[in-house]
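Some notes on the structure that comes next.
Protein chains: 2
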Amino acid sequence: MENISHNKKYKALMETGRRLFWKHGFRRVSVEEVCEEAKVSKMTFYKYFPNKFELAKAVFMEVVGKGVTDFKSIMAADLPVGEKMHRLILTKVEGTNEVSREFLADFYLGAEPELKEFVEKTTTEVWNELIKDYRKAQEEGMLRNDFKPELLLKIATKLVELLKDESLLAMYDTPQDLLLEFTNLLVYGVAPHSSHEK
Amino acid sequence: MENISHNKKYKALMETGRRLFWKHGFRRVSVEEVCEEAKVSKMTFYKYFPNKFELAKAVFMEVVGKGVTDFKSIMAADLPVGEKMHRLILTKVEGTNEVSREFLADFYLGAEPELKEFVEKTTTEVWNELIKDYRKAQEEGMLRNDFKPELLLKIATKLVELLKDESLLAMYDTPQDLLLEFTNLLVYGVAPHSSHEK
DNA sequence: ATTAAATATACGAATTACGTATAAAAATAT
DNA sequence: ATATTTTTATACGTAATTCGTATATTTAAT
Numbered sequence: 073m074e075n076i077s078h079n080k081k082y083k084a085l086m087e088t089g090r091r092l093f094w095k096h097g098f099r100r101v102s103v104e105e106v107c108e109e110a111k112v113s114k115m116t117f118y119k120y121f122p123n124k125f126e127l128a129k130a131v132f133m134e135v136v137g138k139g140v141t142d143f144k145s146i147m148a149a150d151l152p153v154g155e156k157m158h159r160l161i162l163t164k165v166e167g168t169n170e171v172s173r174e175f176l177a178d179f180y181l182g183a184e185p186e187l188k189e190f191v192e193k194t195t196t197e198v199w200n201e202l203i204k205d206y207r208k209a210q211e212e213g214m215l216r217n218d219f220k221p222e223l224l225l226k227i228a229t230k231l232v233e234l235l236k237d238e239s240l241l242a243m244y245d246t247p248q249d250l251l252l253e254f255t256n257l258l259v260y261g262v263a264p265h266s267s268h269e270k
Numbered sequence: 073m074e075n076i077s078h079n080k081k082y083k084a085l086m087e088t089g090r091r092l093f094w095k096h097g098f099r100r101v102s103v104e105e106v107c108e109e110a111k112v113s114k115m116t117f118y119k120y121f122p123n124k125f126e127l128a129k130a131v132f133m134e135v136v137g138k139g140v141t142d143f144k145s146i147m148a149a150d151l152p153v154g155e156k157m158h159r160l161i162l163t164k165v166e167g168t169n170e171v172s173r174e175f176l177a178d179f180y181l182g183a184e185p186e187l188k189e190f191v192e193k194t195t196t197e198v199w200n201e202l203i204k205d206y207r208k209a210q211e212e213g214m215l216r217n218d219f220k221p222e223l224l225l226k227i228a229t230k231l232v233e234l235l236k237d238e239s240l241l242a243m244y245d246t247p248q249d250l251l252l253e254f255t256n257l258l259v260y261g262v263a264p265h266s267s268h269e270k
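Protein sequences appear in the order of chains A and B.
Be aware that the first sequence starts at 73, since it is given in the working numbering, and climbs by one per residue.
Be aware that the second sequence starts at 73, since it is given in the working numbering, and climbs by one per residue.
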């Protein structure tokens, strides 16, 4: 069991690091803060990572890598748009997708340029793939035409954040019910509609 | 012209302070940072505010006060739900509504308890008023019944954040067009519908 | 020209953050 | 049970931030 990346504490640091860096960026988050929230002592932190920057780098690479894979496999599948949307949101919930603007902002100022290049290429690549997919769905009449697919993606991303809202979750039996509500909203809106009425 | 609150620099500090505090909370934002972003020198900052805490307090009171007034006047108006939703989002865009959880988290740790009480009372008050309103709309058949109004409010709040997304804004002639798109989505969804087809 | 407002710069003091060293405690393996 | 590894608690020195102020200069308004 010498694979460091499967270590419990290591994973806790990565997870907490991602959460905090994603939200507040690099400089606003301290090593001590990450340790506290991850319930890992500072010593073990420095056992796994030589410094704060390397944690951020590791987090970043993992997120982007995993995100791209997930995205692509969903998009490659032969599924109806609604189902794809559903799964897309699901993977976002798992928290591996999207690169926080806040994070990029000050993390990159001190990073190697190759990192930046790699990421920007892969993200826009996936992004375009998604948009193409929605465009096709529009042509097939599954989505209304006066709607920019780019907008839909951004909206989906935003809605994902709500899936962690406790007061909302308390209103539903399971998180899946809330998620279902989201997809329903995106597809049908709040207006009454015959095919979906209770 | 001795009214300090109409001063240009004062307003810049309040505006920047709100933006940063809202996003990152109290402790993560420094006075120098606020000054830089607001393009105000540190000296003038300390001319208007004795310290960082007082800025946060001023920002907070202004936001809550203005937010409540706006909310109430919209809700009191005799308008269709769609129009109310539209205006609600508009006022949110102006940035005076909602109290950031991040901000409350560490700002309140050092604040007077009376502030906390005041705010919690007024916010839940307004919140309930809104929900009541949407419930009424549901009973009148303007919204589908299998939809919790609380969710709609949270969603609206999230969507507002997208109204500042530059890449999205670039796709529309005016910000109003993007806003219109949001309300359309909320009401009709992305599915094709006869009454709204292009 | 006079006055008021805003800035640039630098400063000391306090706090925070970084990364390391040491020794104790907890968990795991033998 | 004993040995070994892993994690922790604590403290430390150093560096960087941040706070709030002091002083001198610039800009803008009257």
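Yeah, the Cβ is synthetic: ideal placement off N, Cα and C, and Gly gets one too.
All values reported here derive from a predicted model rather than from experimental measurement.
Where residue i falls, given that 16 or more other Cβ within 10 Å makes a residue buried
i: Y82 (chain B); result: buried
i: M243 (chain A); result: exposed
i: L252 (chain A); result: exposed
i: R90 (chain A); result: buried
i: A148 (chain A); result: exposed
i: L258 (chain B); result: buried
i: T141 (chain A); result: exposed
i: F179 (chain B); result: buried
i: L151 (chain B); result: exposed
i: R173 (chain A); result: exposed
i: F175 (chain B); result: buried
Contact set for residue i: own chain, Cβ-Cβ below 7 Å, skip 5 residues either direction
i: A177 (chain B); result: G97
i: A84 (chain B); result: A110, K111 and V112
i: L240 (chain B); result: L234 and L250
i: D245 (chain A); result: none
i: P247 (chain A); result: L235 and L241
i: E211 (chain B); result: none
Own chain residues within Cβ distance below 8 Å of residue i, not counting five before or after
i: K114 (chain A); result: V103, E104 and C107
i: L92 (chain B); result: V101, E105, V106 and E109
For residue j and residue i, the rounded distance between their alpha carbons
i: W94 (chain A); j: L215 (chain A); result: 32 Å
i: D218 (chain A); j: I227 (chain B); result: 21 Å
i: V131 (chain B); j: T229 (chain A); result: 29 Å
i: H265 (chain B); j: E87 (chain A); result: Only weak support exists for where H265 (chain B) lies, its pLDDT of 46 falling under 50; the coordinates are left without a value.
i: N123 (chain A); j: G213 (chain A); result: 52 Å
i: F125 (chain A); j: E134 (chain A); result: 14 Å
i: E238 (chain B); j: E238 (chain A); result: 30 Å
i: E197 (chain B); j: L223 (chain A); result: 33 Å
Neighbourhood of residue i by C-beta distance below 6 Å, restricted to the same chain and skipping five residues each side
i: H268 (chain A); result: Bear in mind that a pLDDT of 41 at H268 (chain A), under 50, signals an unreliable position, so the model cannot answer this.
i: L127 (chain A); result: G89 and F121
i: Y206 (chain A); result: P221
i: R99 (chain A); result: D178
i: K193 (chain B); result: none
i: T116 (chain B); result: K81
i: M73 (chain B); result: Low local confidence applies: a pLDDT of 44 at M73 (chain B) is under 50, so the model's placement there is unreliable, with the coordinate-based value given in what follows. No residues qualify anywhere along the chain.
Distance CB(residue i)-CB(residue j) smaller than 9 Å
i: E201 (chain A); j: K138 (chain A); result: no
i: N79 (chain A); j: Y120 (chain A); result: yes
i: I203 (chain A); j: L231 (chain A); result: no
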